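Residue numbers (UniProt numbering): 1 to 155. For each residue, glycine too, the CB sits at the ideal point set by N, CA and C. Owing to the predicted nature of the structure, the values given are computational and were not obtained by experimental measurement.
Structure representation (structure tokens):
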């Protein structure tokens with residue numbers, strides 16, 4: 001019924017709602033995102049903490065997440081700078097989120113990916129079909145907008 005409710009009315013609102021519900025596949029995290037992490041942080045690799053990957057205390061410097069979307073047009077507000085999830089293409093990498101991941105910024109990306117990979121294996125799920133809502137990969141646009149506001153002197 002939820003899909004029917006969302007499809008009634010403004011199609012632009014439905015499109016933006018659908019974009020907000022996208023998730024990154026476990027396959028993408030394990031095979032592509034982890035490669036980005038290991039390349040940028042060769043000393044820590046799998047032990048790199050989430051707060052190291054994207055330091056929101058230093059908005060002048062893009063981490064892996066904001067770097068990937070910095071030149072991509074955001075499909076939600078049509079401005080330059082998109083969330084990581086909105087830079088991905090193909091069903092093996094992005095799709096409607098089927099799980100939500102709750103974590104702290106001190107967790108390591110390797111632990112998160114290991115848990116998700118093991119979850120898929122133990123439940124007989126295809127990692128290409130399990131997409132998760134991970135706030136840091138969906139909300140990177142917010143960090144960009146905060147940075148823009150701060151630079152304009154409005155804050």
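Exercise. Compute the distance between the beta-carbons of residue 102 and residue 131, then report whether it is under 8 Å.
Key: Taking the chain shown and counting its residues from 1, one reaches residue 102 at position 102. Taking the chain shown and counting its residues from 1, one reaches residue 131 at position 131. No, Cβ-Cβ distance for residue 102 and residue 131 is not below 8 Å.
Practice problem: Would you mind stating whether residue 127 and residue 25 have Cβ atoms separated by less than 8 Å? | Solution: By 1-based counting over the chain shown, the position of residue 127 is 127. By 1-based counting over the chain shown, the position of residue 25 is 25. Yes, the pair counts as a contact, with Cβ atoms nearer than the cut-off.
Practice problem: Measure the C-alpha to C-alpha separation of residue 20 and residue 134 and round it to an integer number of angstroms. | Solution: To locate residue 20, count along the chain shown from 1; it is residue 20. To locate residue 134, count along the chain shown from 1; it is residue 134. The straight-line gap from Cα to Cα measures roughly 11 Å.
Exercise. Quick one: grab the DSSP three-state call for residue 91.
Key: As a working note, residue 91 is residue 91 in the chain shown. In the structure shown, residue 91 sits in coil (DSSP, three-state: anything other than H, G, I, E or B).
Practice problem: With a 10 Å radius around its C-beta and 16 neighbouring C-beta atoms as the bar for buried, classify residue 123 as buried or exposed. | Solution: Position 123 of the chain shown, counted from the first residue, corresponds to residue 123. Around the beta-carbon of residue 123, fewer than 16 other beta-carbon atoms lie within 10 Å, marking it exposed.
Quiz item: Rounded to a whole number of angstroms, what is the C-alpha to C-alpha distance between residue 85 and residue 41?
Solution: Numbered from its first residue, the chain shown carries residue 85 at position 85. Numbered from its first residue, the chain shown carries residue 41 at position 41. Our two residues, residue 85 and residue 41, have alpha carbons roughly 21 Å apart in a direct line.
Quiz prompt | Sub-8 Å separation of residue 70 and residue 63 beta-carbons | solution = For the purposes of this step, residue 70 is identified with residue 70 of the chain shown, where counting begins at 1. For the purposes of this step, residue 63 is identified with residue 63 of the chain shown, where counting begins at 1. Not in contact: residue 70 and residue 63 (Cβ atoms no closer than 8 Å).
Quiz item: From residue 120 to residue 91, what does the alpha carbon distance come to, in whole angstroms?
Solution: Indexing the chain shown from 1 puts residue 120 at position 120. Indexing the chain shown from 1 puts residue 91 at position 91. Approximately 17 Å, taken between the alpha carbons.
Exercise. For residue 63, name the three-state secondary structure that DSSP assigns.
Key: Mapped onto the chain shown, residue 63 falls at position 63. Reduced to three states, the DSSP call for residue 63 is coil.
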